[in-house]
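Novice:
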Amino acid sequence: MSIIHVESEFAIIDEQQFYEKVFEKSNLKMRPEFFEIHSEFMPDSQFEAIKKRGVSTGRKRTNSQTHSEDVTWIREISTRIRTAGQDSGYFKSREPATDNNKTAREAAARAVVVRVPSGAMTSSEQVVEVEKRERVEDLMCNGMISNWIRFQNNSPVGIIRNSDGIQFFLPPNSTFHVGDVADIEQFSAIHDVLFDLVVADPPWFCRSVKRTRMYDMNEQVLERLDPSKFAAPEALLVFWVTNRRGIEEEMEKRIEKWDMEVIATWKWLKVTTQGDPVYNFENPSHKVPFENVMFAMRKGAERPSKFALPEKFVFASVPMAVHSHKPPLFDLLRHFGVEFSRPLELFARSLLPATHSVGFEPFLLQSERVFVLK
C-alpha cells in the first residue's frame, strides 16, 4: 500500500512503494535516486549563493497567489503533513542541503533520453500480445504501424527492448498505444469497451515545450476529445490541471460542455524528504509547491455506496525528479471507495497495471534507467 498516512483533510503517499507492490514478484523497484529531493527547488546559482553567503540572490516580490484562500489553507495543512510524517518516522530530520538535489536531477536527465517509437506511425486498432521479451520494432511492424500492445502473460513482468537494446518493464495486464490520445475513441468503438476511470495529464502550454514532442502547443488537443465515446456512464474523470491563471475555470467550462460536473478538487503538495514544500509559499518566482487535480462525473451518474471522495483534499509526496511526472492515485482512490476495473490513462508517460495507457511516450518511464533489481 502506497498510503503512508491519511486523515480527513490530507494524506501522505509514496510512489516507490506503489511500484514495489506492482513489481513485487519481479523483484524490481524504482531507482531511489529519483526521489532524493532533500531541499527546495531552485536554480544552481541561487543555491550556491545561499550555500556560500546564506542569502538568496532573488529579489522578493509579492505573489498574489500567496494570499489566496487556497494557498493559506494548503500552507496550514502542509505543517500538519510534516508533523504527521515526522511522528511516523517517514520524513527525515532536517539536515543542511549539500548538492541542490543533483543526484535526482541527473537521474531524471538520464531517464528521458531513451529512444521510443515515433508517434507519426499509422494508427491501428489491432491488439498485439507481448509474450515476455520482445523488440518494440517487431510489435509495431518495424516502426510503421502503431498497434495496441498488451501484456497478459502469466509472468509477473513483460520486457520489451528498443533498437539500442534498452529494456522496458511492463506491469501485469497493462496495455499501451503510441499515438494521439484521440485514437482511444476508435479503439473503444471497435472493441466495444468503455472505461470506468479516466486519468489525464494534458500538455498545458506553459510546460509543453519541455514535455512533449508531438502534441499541439496549446490545449486544443482537449477540444478533440469526447469522453462519451470512451468513458462509461458512471466513470470518474481525473484531470491534472496546471496552476496557470484561468485554466481551472476553462476546464470547468469544458467539463460542463461534456455534460459532466466537477465533484472534487484536490491538491498535490510536493515535499522534500524532510516534509518541507519544494517551493516556499512566498517564493518570488511565483511558483507554488502544489498542483491541482479535478474530479468529474456525468451529471446524475449513480455513485457506489462506499464512494466517499472528499470535495477538498491535499495529498503529499516526494516527487519523482522527472519534469511533470505525477504519482499514481489508484491506492488513494480505492481508500475513498472509488471502484474501478477498467482504468485508462491519457497523455501517459508511464504504465500502470491493468490499465490502458495512451500517448506519444506511454512507456518512456518504464526503462532500466528507472527500474532496477532490488
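Anchor point for the sequence shown: position 334 equals 316 in our numbering, and the numbering is continuous, going up by one each time. Glycine is no exception: its CB is placed at the ideal position from the N, C-alpha and C atoms. This one's a predicted model, so the numbers in the text were calculated from it and none came from an experiment.
#1: So E167 packs on K211, CB below 8 Å; how close in whole Å?
#2: Should S156 be flagged as near chain B, meaning a C-beta pair shorter than 8 Å?
#3: Below 8 Å between beta carbons: does that hold for K11 and T255?
#4: Does the stretch 21 to 36 come into contact with the stretch 76 to 86, if we say contact requires no fewer than three beta-carbon pairs (one atom in each stretch) closer than 8 Å?
#5: Start and end of the beta strand (DSSP E) containing K249?
#6: Could you work out which residue in P185, V354, A298, V180 is closest to H338 when comparing CA atoms only?
#7: Rounded to a whole number of angstroms, what is the C-alpha to C-alpha distance between V109 and T157?
#8: Can you tell me whether R331 is buried or exposed, with buried defined as 16 or more other CB within 10 angstroms of its CB?
#9: Under 8 Å Cβ to Cβ from M(-17), same chain only, skipping five residues before and after it: list those, please.
#10: Quick check on this structure: which residue in I127, V118, G257 has the alpha carbon closest to the alpha carbon of S145?
#11: Give the straight-line distance between the Cα atoms of A214 and V296, rounded to the nearest whole angstrom.
#12: In angstroms, rounded to a whole number, what distance separates the CA positions of V220 and L333?
#13: Let me make sure I understand the geometry here. Which of I148, V112, T61 has the alpha-carbon closest to that of F133?
#14: Hey, N129 and P335: beta-carbon distance below 8 Å or not?
#15: Residues in its own chain within less than 7 Å of E350 by CB, not counting five upstream and five downstream?
#16: Where does the unbroken beta strand (DSSP E) through E343 begin, and where does it stop?
#17: What did DSSP end up calling F169 once you bin it into helix, strand or coil?
#18: For the stretch 91 to 100 and the stretch 340 to 356, state whether three or more C-beta atom pairs, one from each stretch, are separated by less than 8 Å.
#19: Tell me, please, which residues DSSP counts as bridged to G140.
#20: Thinking C-beta only, is A303 closer than 8 Å to N83?
#21: Go ahead and label H365 buried or exposed: buried means 16 or more other beta carbons lie within 10 angstroms of its beta carbon, across all protein chains shown.
#22: Which residues in the same chain have their Cβ closer than 6 Å to the Cβ of A298, if we skip the five residues on either side of it in sequence?
Specialist: Inspection of the coordinates gives the following:
#1: Indeed, because the Cβ distance is near 4 Å, the residues count as touching under 8 Å.
#2: In the displayed structure, chain B is absent; only one protein chain is listed.
#3: no
#4: yes
#5: 242 to 252
#6: Across the set P185, V354, A298, V180, the C-alpha of V180 shows the shortest separation from the C-alpha of H338.
#7: 9 Å
#8: Under a 10 Å Cβ-count criterion, R331 is classified as buried, with 16 or more other Cβ atoms of the shown protein chains found around its own Cβ.
#9: Cβ neighbours of M(-17) beyond the five flanking positions: Q(-1), K3, D313.
#10: Nearest C-alpha to S145 among I127, V118, G257: V118.
#11: Taking the straight line from one Cα to the other gives about 27 Å.
#12: 16 Å
#13: V112
#14: no
#15: I148, Q149
#16: It is not in any beta strand (DSSP E) - E343 carries neither H nor E in the DSSP assignment.
#17: The DSSP-derived three-state label of F169 is helix.
#18: yes
#19: L152
#20: yes
#21: With the chain covering only -17 through 356, there is no way to say anything about residue 365.
#22: I(-6), I63, L251, V253.
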